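Enquirer: For reference, the structure I am asking about is given below.
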DNA sequence: CTCGGCAGGTGAACATGTTCACCAATATAG
DNA sequence: CTATATTGGTGAACATGTTCACCTGCCGAG
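Chains as they are written, first to last, in my numbering: chain A, 308 to 551; chain B, 308 to 551.
Below is the structure:
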């Protein structure tokens, strides 16, 4: 049935991606992945050419396309991996207010993504594309749902969780806000991303988050409709990804 | 004024950077610029190849590099032009509260950029790059200062302007917020960017902006430090760019 | 064991953004 | 008017992401 996706013309349909199917293939795949990431970290994404990676891995350049559909896909896979690790780390979230839990989720995110900032900045163009690769579009991609689930759970399972739908909407909004902060961090050109550190500290001081809290009774309509807008405009889907 | 917005001012008088020093050269430059934009609008940025543009303009592909340093530079010049037109439109800003004036500045921005959304989405990768082309980095670029100046003026010259430094900080913050909304709009995949329209409507309903206003006494410290963070991390400069 | 199929692997070629060496016309100095 | 510099313009070549046709070795069915 789904046998031939080796020389399959354009794209092998379905979720069956060209993976390593044998022990040797798996080893090669891992070697290529590790080599690519090392080079991304050392010299940056744009400065790393596929021929560089292939040479460092002692392999032909075209072989990369037996394991990854494109150069960006390597970074995309890194994001998938990191989102998985993030979900693991997020299981250590303590009970408490949604504000504290949100801050924990945010800081964990920055900590997990931290070492790969340079390579991840290559994702922003991907993110903006209308292609199926987009971090937003991919309902199929577990990465988005996983991370969003953490932020939704941060609210719904908080000690001061708002009721029902409101909690989920807030979680979605906080997830999007977190995406904005990640983008900010990727753009941050201050030494050591000091500015992002300051931003997080400011959030800890709590003024803006407190304002959101104080205004909850008034903001109810805004929060739920804003969350709907996110799903509509950004994700292109009707339902929010709930915590698994 | 009609909705026509083919090609704007010549942009030839720059300080030595681009070519176009004679009448014939200027005409060629304009033809290339217009041809490129037309193709960007018709087929999108990525789908438009330089050889396409050259052929449509009946010219050799390499000639493009006599007038533009790169493909992205064409879009970047479009942004410069649009920011100039934006500054012009913004002179029609009415007196009133900073909230009303901000909404006017925001909606004017969306209206001016509107027809070129597709081409401008190609700018997002540029924006994230560490190159000198970045919309943020370029202290030399008049575009950023011009647009930022509009938002700063929207607050400092408002009927309810806060005092001194606070007003300028708020203007800077609102400018960055506006950038976020523009990014959102570029990412918006709902038909006709309906989601962005909803977002703007929600802002008009005023809850979040009102919250910012209500909390001004408390938020003072946050706003000024956040504005400083913007200049530090995002712009990479100490002083806020005021309107020239 | 033979052999057909398939995953692993390769070198050449292609598309496109970009650079280079070079030609052509025109204006300005002498 | 010639000589020179400068700008308008070209075709070939280069770099890199990507595709294609093809080879190779292994493994299980017969």
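Backbone N, C-alpha and C fix where the C-beta goes; we use that ideal spot for every residue, glycine too.
All of these numbers come straight from a predicted model, not from anything done at the bench.
With 8 Å as the limit, tell me which residues of the region 406-431 of chain A have their beta carbon closer than that to any beta carbon of chain B; keep them in chain order.
Expert: 428, 431
Enquirer: Use the C-beta contact count for residue 399 of chain B: other C-beta atoms within 10 angstroms, 16 or more gives buried, fewer gives exposed.
Expert: Classification for residue 399 of chain B: exposed.
Enquirer: Against chain B, with Cβ distances strictly below 8 Å, would residue 391 of chain A count as a contact?
Expert: no
Enquirer: Would you mind telling me which residues of chain A sit closer than 7 Å to residue 487 of chain B, beta carbon to beta carbon, in chain order?
Expert: 487
Enquirer: Tell me the rounded alpha-carbon separation between residue 493 of chain A and residue 505 of chain A.
Expert: 15 Å
Enquirer: Shortest alpha-carbon distance to residue 335 of chain B belongs to which of B/370, B/351, B/507?
Expert: B/370
Enquirer: Should residue 422 of chain A be labelled buried (16 or more other beta-carbon atoms within 10 Å of its own) or exposed?
Expert: exposed
Enquirer: Cα separation between residue 352 of chain A and residue 366 of chain B?
Expert: 34 Å
Enquirer: So, helix, strand or coil for residue 400 of chain B, using DSSP?
Expert: coil
Enquirer: If you check the beta carbons only, do residue 485 of chain B and residue 413 of chain B fall under 8 Å apart?
Expert: yes
Enquirer: Curious, which full-length alpha helix (DSSP H) runs of at least 4 residues does the region 436-508 of chain A contain?
Expert: 449-463, 471-494
Enquirer: Are residue 346 of chain A and residue 363 of chain A touching if we call contact CB-CB under 8 Å?
Expert: yes
Enquirer: Which residues in the same chain as residue 375 of chain A place their Cβ atom closer than 6 Å to its Cβ, once the five residues preceding and following it in sequence are excluded?
Expert: Answer for residue 375 of chain A: 381, listed in chain order.
Enquirer: Return the residue from the list A/393, A/354, A/460 that minimises the CA-CA distance to residue 425 of chain A.
Expert: A/354
Enquirer: Excluding the 5 residues flanking residue 411 of chain B on each side, which residues of the same chain have their C-beta closer than 6 Å to its C-beta?
Expert: 400
Enquirer: Could you work out which residue in A/469, A/538, A/431 is closest to residue 455 of chain A when comparing CA atoms only?
Expert: Of the listed residues, the one whose Cα sits closest to residue 455 of chain A is A/538.
Enquirer: Would you report the Cα separation of residue 467 of chain B and residue 344 of chain B, rounded to the nearest angstrom?
Expert: 41 Å
Enquirer: Would you identify the three-state DSSP class for residue 416 of chain B, choosing helix, strand or coil?
Expert: helix
Enquirer: Whole angstroms are fine: how far does the CA of residue 350 of chain A sit from the CA of residue 534 of chain A?
Expert: Rounded to the nearest angstrom, the two C-alpha atoms are 39 Å apart.
Enquirer: From the DSSP output, in three-state form, read off residue 325 of chain B for me.
Expert: Bear in mind that the predicted position of residue 325 of chain B carries a pLDDT of just 47, short of 50, making it too unreliable to give a figure here.
Enquirer: For residue 306 of chain A, count neighbouring Cβ atoms within 10 angstroms of its own Cβ and tell me buried if that reaches 16, exposed if not.
Expert: With chain A covering only 308 through 551, there is no way to say anything about residue 306 of chain A.
Enquirer: Determine the direct distance from the alpha carbon of residue 330 of chain A to that of residue 430 of chain B, and round the result to whole angstroms.
Expert: Spanning the two alpha carbons is a distance of roughly 43 Å.
Enquirer: Tell me where the alpha helix (DSSP H) around residue 332 of chain A begins and ends.
Expert: 330-350
Enquirer: Suppose you measure from the CA of residue 419 of chain A to the CA of residue 392 of chain B; what does that come to, to the nearest Å?
Expert: 43 Å
Enquirer: How many angstroms separate the CA atom of residue 462 of chain B from the CA atom of residue 383 of chain A?
Expert: Answer to the nearest angstrom: the Cα atoms are 41 Å apart.
Enquirer: With DSSP collapsed to three states, give me the class of residue 531 of chain A.
Expert: helix
Enquirer: Whole angstroms is fine: what's the gap from residue 507 of chain A's alpha carbon to residue 473 of chain B's?
Expert: Straight across, the Cα-Cα distance linking residue 507 of chain A with residue 473 of chain B is about 21 Å.
Enquirer: Closest to residue 432 of chain A by CA distance: which of B/409, B/512, B/490, B/417 is it?
Expert: B/490
Enquirer: Alpha carbon to alpha carbon, how far is residue 487 of chain B from residue 495 of chain A? Give it in angstroms, no decimals.
Expert: 14 Å
Enquirer: Hey, how far is the Cα of residue 388 of chain B from the Cα of residue 500 of chain B?
Expert: 23 Å
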